[in-house]
Amino acid sequence: MTALKYLQAYPAALQDRVRDLIARQRLGEHLAQRYPARHDVQSDRALYGYTMDLKQRHLKNAPGIDKVLYDSKLDVVRNALGLHTAISRVQGSKLKAKKEIRVAALFKAAPPEFLQMIVVHELAHLKEYEHNKAFYQLCTYMLPDYHQLEFDLRVYLTWRELPSNDTNDARG
């Protein structure tokens with residue numbers, strides 16, 4: 112039986128459906144049919160603009176963001192698809208905090224829905240630090256199909272790690 116590290120928290124029936132697609136070598140095709148496009152947010156500057164647009168639409172009163180960038184060092188294995196940090200620095204007699212959002216660089220080549228899900232997730236951390244009920248309610252407020260996209264993103268990550276995948280399928 113194939114271990115599905117990104118899908119361990121999901122019901123066995125869903126995991127079995129993914130295993131079946133893997134066994135039939137159809138997972139990449141399945142993803143490509145569901146998500147046929149790739150986004151065009153390729154630079155850090157474009158990612159910053161994209162993120163600020165989402166923030167302006169959904170979280171006008173949330174704290175500002177100083178930096179948004181793609182990070183090739185984020186470790187997907189540790190589920191760090193994105194990272195929200197506040198870096199505090201002393202400037203004179205004041206403590207200044209700079210808020211940053213980093214998105215794993217592998218999402219440069221991902222479907223636009225997955226990039227949006229990651230950015231929404233990181234933006235939600237501006238208001239809710241923990242992954243609690245309020246956090247996920249905020250995510251679904253900004254992106255109503257958030258939970259489905261999170262599941263599909265985990266399927267995408269599973270597909271990317273298959274030894275037989277063809278990165279031309281599923282827009283990866």
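The numbering of the sequence shown is this note's numbering, which starts it at 112 and goes up by one.
Where is the CB? At the ideal position from N, CA and C, for every residue including glycine.
Original post:
Based on the DSSP output, what are the partners of K244 in its beta bridges?
Top reply: None, per the DSSP bridge assignment.
**OP:** Look at M228 and L260 and say whether their C-beta atoms are less than 8 Å apart.
**Re:** yes
Original post:
Quick one: what's got a C-beta closer than 6 Å to A235's C-beta in the same chain, skipping five residues either side?
Top reply: F246, L249, C250
Original post:
Quick one: what's got a C-beta closer than 7 Å to L264's C-beta in the same chain, skipping five residues either side?
Top reply: F225, M228
**OP:** Quick one: using the 10 Å Cβ neighbour count with 16 as the cut-off for buried, is Y78 buried or exposed?
**Re:** Past the boundaries of the shown model lies residue 78; the chain is included only from 112 to 283, so the question cannot be answered.
Subject >> Rounded separation between N279 and I176 - CA only >> reply: The pLDDT assigned to N279 is 45, lower than 50, so where the model puts this residue is not dependable; a value taken from the coordinates is nonetheless given after this. Taking the straight line from one Cα to the other gives about 34 Å.
Subject >> Option nearest D151 by Cα separation, candidates D256, E272, K219, V231 >> reply: K219
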